[in-house]
Amino acid sequence: MAYETNEVREVKVHIACPTVNLRYLLGRNQKNIEKIRGDSNAQISLSPYPGYSCVTVSAQEKFNSVSDSFFAAVFLLPHCRTPLANGGYYVAVLVEENVFNPNWLDPSGKFRINRKSGFLPNSAPHLASVPVSQIGPHYHLQISGTMDEVRHAFCAILHQLRRDVFRLV
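With numbering that gives the first Met the number 0, the residue at position 99 of the sequence shown is 98, and numbering never jumps.
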């Protein structure tokens with residue numbers, strides 16, 4: 000598959016953040032979110048919806064450069080998680096329809112995560128459950144599992160999303 004490596008493109012990540020977590024996300028006088036904006040050079044905006052806010056992280060990026068949107072989204076992850084009764088966590092990522100690639104899904108309709116282990120075969124985290132559904136113009140990826148599983152799946156999704164933004168059509 001060919002990628003446009005020299006062109007600058009906008010990379011967007013949408014995370015559904017529960018309204019009850021906004022206080023932690025923003026911080027006192029919005030210090031948390033301003034620090035993430037400053038550290039990553041990404042634009043972060045909030046759109047309110049009943050029960051949650053859509054946190055949009057976007058940045059102009061090149062394919063072979065450090066991803067400002069990826070950096071900011073990973074820092075936002077702990078603030079946008081919802082605890083589950085079984086001790087795990089849940090995070091919702093919204094992917095725009097024009098970027099979503101059906102090849103991401105396995106036959107059961109869940110996000111396919113290819114895991115490569117670097118050192119010990121048993122040291123890699125288990126994969127989080129990531130069912131996918133379409134809601135309007137977005138695909139809704141529901142990541143659930145332990146925090147390590149959620150972080151691993153979240154990073155895999157962001158990596159694939161960023162690659163597909165730069166894919167040549």
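Don't be surprised by glycine CBs; every beta carbon is placed ideally from N, CA and C.
Assumed close pair R150, L93 - CB separation to whole angstroms, cut-off 8 Å: Not really, about 18 Å apart at Cβ, beyond 8 Å.
Whole-angstrom C-beta distance between D67 and N31, which should lie under 8 Å: In fact, because the Cβ distance is near 17 Å, the residues do not count as touching under 8 Å.
Count the other CB atoms, across all protein chains shown, that sit within 10 Å of the CB of A84; report buried if there are 16 or more and exposed otherwise. Exposed is the call here.
Evaluate H78 with the Cβ neighbour count: other Cβ atoms within 10 Å of its Cβ, from every protein chain shown; 16 or more gives buried, anything less gives exposed. It counts as buried.
Backbone CA spacing between E9 and Q42 [nearest angstrom]: About 11 Å.
Is the CB-CB distance between F153 and F62 below 8 Å? Against a cut-off of 8 Å, the Cβ pair of F62 and F153 comes out as no contact.
Which residues in the same chain have their Cβ closer than 8 Å to the Cβ of E96, if we skip the five residues on either side of it in sequence? For E96, where only same-chain residues beyond five positions count, the Cβ hits under 8 Å are Q133, P136, H137 and Y138.
Exposed or buried, which one is Y51 when buried takes at least 16 other CB atoms within 10 Å? Counting of Cβ neighbours within 10 angstroms places Y51 among the buried residues, the total reaching 16 or more.
Identify the residues that DSSP records as bridge partners of A91: which are they? The partner list for A91 (beta bridge, DSSP) reads A15 and Q141.
Ignore the nearest five residues each way along the sequence and tell me which others in V98's own chain have a CB closer than 7 Å to its CB. Closer than 7 Å at Cβ, skipping near neighbours: L160, D163 and V164.
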